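So the protein lines, in turn, are chains A and B.
Per my numbering, the very first residue in the first sequence carries number 181; after that it's consecutive.
Per my numbering, the very first residue in the second sequence carries number 294; after that it's consecutive.
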Amino acid sequence: MKALGLILAGGNNNRMQELSAKRAIAAMPIGGSYRSIDFVLSNMTNSHVQTVAVLTQYNARSLNEHLSSSKWWDFGRKQGGLYTFTPTVTSDNSWWYRGTADAMCQNIDFLRKRHEPYVIIAGGDCIYKMDYNKVLDYHIEKKADITVVCKDMPKDEDVSRFGVVRMNEDYRIVEFEEKPMVAQSNTISTGVYIIRRRQLIEMLERCQEENRWDFVNDILIRYKNMKHIYGYKMEDYWSNISTVDSYYKTNMDFLNPDVRKYFFREAPQIYSKIDDYPPAKYNPGSDVRNSLISSGCIINSKVEGSLLFKNVFVGNNCVIKNSVILNDVYIGDNTHIENCIVESRGTLRANTYYCGDNGVKVVAEHNERFMI
Amino acid sequence: MIRKEMIAMLLAGGQGSRLGVLTSGVAKPAVAFGGKYRIIDFPLSNCINSGIDTVGVLTQYQPLRLNRHIGIGIPWDLDRNNGGVTVLPPYEKSTNSEWYTGTANAIYQNLNYMDSYDPEYVLILSGDHIYKMDYEVMLDFHKANQADITIATMPVPIEEASRFGVVITDENKKITEFEEKPEHPRSNLASMGIYIFSWKVLKESLIAMKDQSNCDFGKHIIPYCHEKQQRIFAYEYNGYWKDVGTLGSYWEANMELIDLIPEFNLYEEYWKIYTKNENVSPQFIAADARVDKSIVGEGTEIYGEVYNSVIGSGVSIGKGAVVRDSIVMKDVQIGEHTIIDKSIVGDKTEIGKNCRLGVGDYAPSTLNPKVYAFDLVTIGENSIIPDNVSIGKNTAISGVTEASDYPGGMLASGGAIIKEGDSV
């Protein structure tokens with residue numbers, strides 16, 4: 181492969197309420213058995229990208245734990261490999277990553293030393309499958325300086341939390357607005373960029389001289405009339421999970437058979453860390469319908485229209501409806517959960533009631549757990 | 294190189310012919326168990342959980358699946374710079390090129406492997422039992438008794454003892470006598486086929502007995518050592534241990550896993566069992582599906598009904614289908630409105646629509662009544678069963694079958710369809 185991968189997974193986020201209080205968005209559990217970053221990592225490895233650096237700083241522990249071994253994504257190689265770069269104090273820098281461009285800038289030596297001619301930059305908070313080689317071919321064919329992967333969102337969707345682009349008939353990006361108050365189009369940037377490595381180094385050096393830190397504002401938008409920045413339209417499933425509602429919706433999407441087939445059954449595969457949980461167990465009294473259940477779960481009652489992540493215990497006489505129960509949750513007897521996202525490792529007491537009446541409710545309970 | 298105190302030799306070359314068509318294309322240790330596992334996962338996980346990081350796996354019969362499963366040992370953390378898992382197939386020598394002819398002969402042919410680690414103790418295991426055991430405790434027992442050989446034994450009901458090799462011990466657990474399948478057993482301590490040898494003793498006895506044909510631990514090596522007045526001790530094990538050598542015991546052991554609190558509990562945090570996961574995605578239970586008293590593996594999609602069953606990973610069960618009291622292994626597809634009772638379905642088998650498995654009255658198997666008993670329908674891996682057929686009890690099917698193989702759409706109880714040449 182002619183490119184190396186940079187995954188920007190460091191951003192702070194307060195739109196996720198308690199869910200991101202202790203973990204980076206890229207480490208959010210998705211689709212029952214995965215973490216958000218698995219999708220971009222699998223895309224990289226399936227596109228034969230052998231060298232990937234994950235830039236992270238905010239709440240990095242759970243992400244680091246997930247990336248503690250690179251073998252699950254086949255990055256355990258002598259050539260290349262998986263790197264995680266957190267900010268480090270050096271003799272001439274003691275800053276955190278002040279922005280996406282700064283994050284790359286602080287690791288510019290890594291970019292200088294590599295030999296791959298291109299760099300694929302991607303976020304860790306998007307759920308999609310993509311062969312980056314196709315984008316790279318397009319990038320070369322268009323003689324682009326930067327290629328931005330774009331997606332047309334449905335007309336009624338609020339795109340104000342994305343970067344909104346407008347392209348001319350040749351797909352050159354003529355307008356790029358970051359998080360606009362009023363969007364001019366429904367085409368958004370997916371946060372996946374391809375750029376020549378030397379070009380990137382040059383632009384980053386210039387940013388540094390001018391004390392600019394953000395890749396979108398200080399490179400994409402600033403250079404868009406001077407450099408050839410093209411859009412590549414992706415048609416397949418793509419979803420960003422960085423709000424509670426979109427996180428809930430993305431998880432619920434996996435109840436759709438087409439989405440499941442696309443991600444779980446069709447090649448190429450999505451890889452994740454192996455946890456060694458036993459098969460899910462359905463005890464007498466379980467009544468599971470239209471739900472996704474992961475390994476290690478033990479179910480004793482009613483579950484409907486929900487996702488149970490790994491190693492969840494559901495006691496007797498519970499009702500779990502339209503909810504997302506993250507990994508290692510213990511749910512006591514006679515509990516009712518509806519329209520909720522239950523934070524991982526939580527312990528829900530017996531005889532309790534949780535219901536998201538106006539939208540999805542995030543439940544983070546840290547009761548003591550008594551195990552028999 | 295750090296010297297290894299104890300290494301393990303795992304005998305995984307046997308066919309397990311009493312499992313019938315389940316082992317026609319794979320060695321018994323590679324047969325699926327408990328939804329997502331394979332039988333060999335249990336001794337391999339026991340090894341790493343007991344702190345043994347050097348394991349030689351002796352393979353011979355149909356090793357492809359086994360080799361692929363073991364790989365370089367990643368699932369068991371046995372991918373090591375020094376030690377780790379090594380697959381040991383029979384090989385050609387300058388003087389002869391024989392197969393492994395017996396358990397001890399197989400170990401003898403790998404003296405060089407053991408010599409290269411020069412351990413103090415060698416643990417001999419077989420790859421066809423389901424149990425959790427801390428071999429380190431057994432080693433402590435071995436050392437405390439200054440034993441030359443320690444044999445793991447377990448108490449069995451005295452009326453069943455005549456099916457086993459039993460040992461008779463003195464009050465210090467030192468073995469005084471052996472009886473192989475005795476008619477009137479004088480002890481109920483049955484040998485489990487697990488031995489710890491002091492390496493020097495093992496080496497000496499293997500070399501001394503090298504010309505013995507079909508050299509076997511139970512029949513030749515242990516008696517030889519006993520005769521030489523070596524110190525042989527019986528280590529008593531009291532946990533769950535299941536020999537899954539017959540279709541009946543294999544089915545039973547799987548069914549025990551679905552009890553409310555199973556005697557053999559895979560859900561304990563302590564002493565995990567590891568396996569190679571090819572599929573990590575969650576399982577889907579459809580809106581009109583029912584799953585009750587069952588365990589289900591990863592990536593399975595259930596649109597029908599499942600009761601009292603063990604379902605592997607990557608299985609799909611169609612709308613209106615019913616699976617009861619059955620074992621369904623990996624990547625099996627079950628068509629709509631098919632009803633399956635008390636069956637064992639091998640990996641990657643496809644069963645058509647509107648079939649009935651396990652119907653009709655009892656009839657003994659015409660193929661092999663000793664193997665195909667217990668009223669089970671047994672279907673080997675990679676088989677295909679066409680739509681609209683009925684299959685009776687004590688039946689066996691292997692290979693790609695067509696509607697013309699079922700006169701009147703029926704395979705009567707006791708029947709068998711074995712297609713040759715489907716699996717190499």
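Backbone N, C-alpha and C define an ideal beta-carbon position, used for all residues, glycine too.
None of these values were measured; they are calculated from a predicted model.
9 angstroms Cβ cutoff, residue i in contact with chain B
| i | result |
| --- | --- |
| ILE473 of chain A | yes |
| TRP213 of chain A | First, the amino acid is wrong: residue 213 of chain A is Ser here, not Trp. Yes, its Cβ sits closer than 9 angstroms to a Cβ of chain B. |
| PRO464 of chain A | yes |
| GLY476 of chain A | yes |
| VAL468 of chain A | yes |
| PHE550 of chain A | no |
| ALA544 of chain A | no |
| LEU487 of chain A | yes |
Test: residue i CB closer than 9 angstroms to a CB of chain A
| i | result |
| --- | --- |
| ASN570 of chain B | yes |
| ASP654 of chain B | no |
| ALA582 of chain B | yes |
| LEU303 of chain B | no |
| VAL589 of chain B | yes |
| VAL616 of chain B | no |
| SER574 of chain B | yes |
| LYS592 of chain B | First, the amino acid is wrong: residue 592 of chain B is Gly here, not Lys. Taking Cβ atoms only, chain A reaches closer than 9 angstroms to GLY592 of chain B, which makes this a yes. |
| ASP346 of chain B | no |
| ASP715 of chain B | Below a pLDDT of 50, predicted positions are generally treated as unreliable, and ASP715 of chain B, at 45, falls in that range; the measurement from the model is reported next regardless. No, because no Cβ of chain A sits closer than 9 angstroms to the Cβ of ASP715 of chain B. |
| VAL621 of chain B | no |
| LEU404 of chain B | no |
| SER606 of chain B | yes |
| TYR424 of chain B | no |
| LYS641 of chain B | no |
| ALA579 of chain B | yes |
| GLY328 of chain B | yes |
| ILE730 of chain B | With chain B represented from 294 up to 717, any question about residue 730 of chain B goes unanswered, as that position is not in the structure. |
| LEU415 of chain B | The question names Leu, but residue 415 of chain B in the sequence shown is Val. Chain A, which has no Cβ nearer than 9 angstroms to the Cβ of VAL415 of chain B, makes this no. |
Boundaries (first-last residue) of the beta strand (DSSP E) holding residue i
| i | result |
| --- | --- |
| GLN402 of chain B | Run containing GLN402 of chain B: none; DSSP gives neither H nor E here. |
| GLU484 of chain A | 482–484 |
| ARG376 of chain A | 367–376 |
| CYS306 of chain A | 306–308 |
| GLY458 of chain B | 458–462 |
| GLY377 of chain B | 377–381 |
| HIS516 of chain A | 516–518 |
Limits of the unbroken alpha helix (DSSP H) element including residue i
| i | result |
| --- | --- |
| ILE320 of chain A | 312–321 |
| VAL424 of chain A | 424–433 |
| LYS293 of chain A | 288–293 |
| ALA183 of chain A | Run containing ALA183 of chain A: none in the alpha helix (DSSP H); it sits in the beta strand (DSSP E), 183–188. |
Residue i Cβ short of 8 angstroms to the ligand HEM heavy atom set
| i | result |
| --- | --- |
| MET302 of chain B | Absence of the ligand HEM is noted for the structure shown, with no ligands found whatsoever. |
Under 8 angstroms by beta carbon: chain C residues contacting residue i
| i | result |
| --- | --- |
| ILE367 of chain B | Given the protein chain composition of this structure (A and B), no chain C is represented. |
Residue i - partner residues in DSSP beta bridges
| i | result |
| --- | --- |
| MET447 of chain B | B:ALA483 |
| THR266 of chain A | DSSP lists no partner for THR266 of chain A. |
| TRP534 of chain B | B:TYR424 |
| LYS413 of chain A | A:CYS330 |
| THR671 of chain B | B:ILE637, B:ALA689 |
| ASN420 of chain A | A:CYS306 |
| ARG346 of chain A | A:GLU355 |
| HIS546 of chain A | A:THR527 |
| MET302 of chain B | B:GLY349, B:ILE417 |
| LEU487 of chain A | A:LEU472, A:VAL504 |
| message | Using a Cβ distance threshold of 8 angstroms, determine whether the stretch 483–499 of chain B contacts the stretch 359–377 of chain B, with at least three qualifying pairs required. | response | no
request  = With 8 angstroms as the C-beta to C-beta threshold (strictly closer), list the residues of the stretch 236–266 of chain A near chain B in chain order.
outcome  = LYS251
At least 3 beta-carbon pairs within less than 8 angstroms: the stretch 591–603 of chain B vs the stretch 564–578 of chain B: yes
Requested in this report: Taking only beta carbons into account, state which residues of the stretch 448–460 of chain A come closer than 7 angstroms to chain B, listed in chain order.
Outcome: SER452, ILE454, ASP456, PRO458, PRO459, ALA460
ask   = Quick one, which residues of the stretch 529–551 of chain B are near chain A if we go by CB-CB under 9 angstroms, in chain order?
value = LEU550, ILE551
Should the stretch 704–714 of chain B be regarded as contacting the stretch 679–696 of chain B, the criterion being three or more beta carbon pairs within less than 8 angstroms? yes
Short of 9 angstroms Cβ to Cβ, which residues in the stretch 364–395 of chain B face chain A?
ILE367, PRO368, ASP372
May I ask you to verify whether the stretch 666–683 of chain B touches the stretch 306–321 of chain B, counting CB pairs closer than 8 angstroms and requiring at least 3?
yes
Check whether the stretch 440–450 of chain B and the stretch 357–374 of chain B are in contact - that is, three or more C-beta pairs closer than 8 angstroms. no
*Would you check if there are 3 or more beta carbon pairs closer than 8 angstroms linking the stretch 536–556 of chain B to the stretch 466–477 of chain B?*
no
query: Which of the residues in the stretch 411–445 of chain A, read from start to end, lie with their CB under 9 angstroms from any CB of chain B?
result: PHE434, LEU435, PRO437, ARG440, PHE443, PHE444, ARG445
Discussion item. Tell me whether the stretch 510–529 of chain A and the stretch 196–212 of chain A touch, counting them as touching only if at least three CB pairs, one residue from each stretch, are closer than 8 angstroms.
Written reply: yes
Taking a Cβ distance cut-off of 7 angstroms, strictly less, list which residues of the stretch 480–508 of chain B are near chain A, in chain order. none
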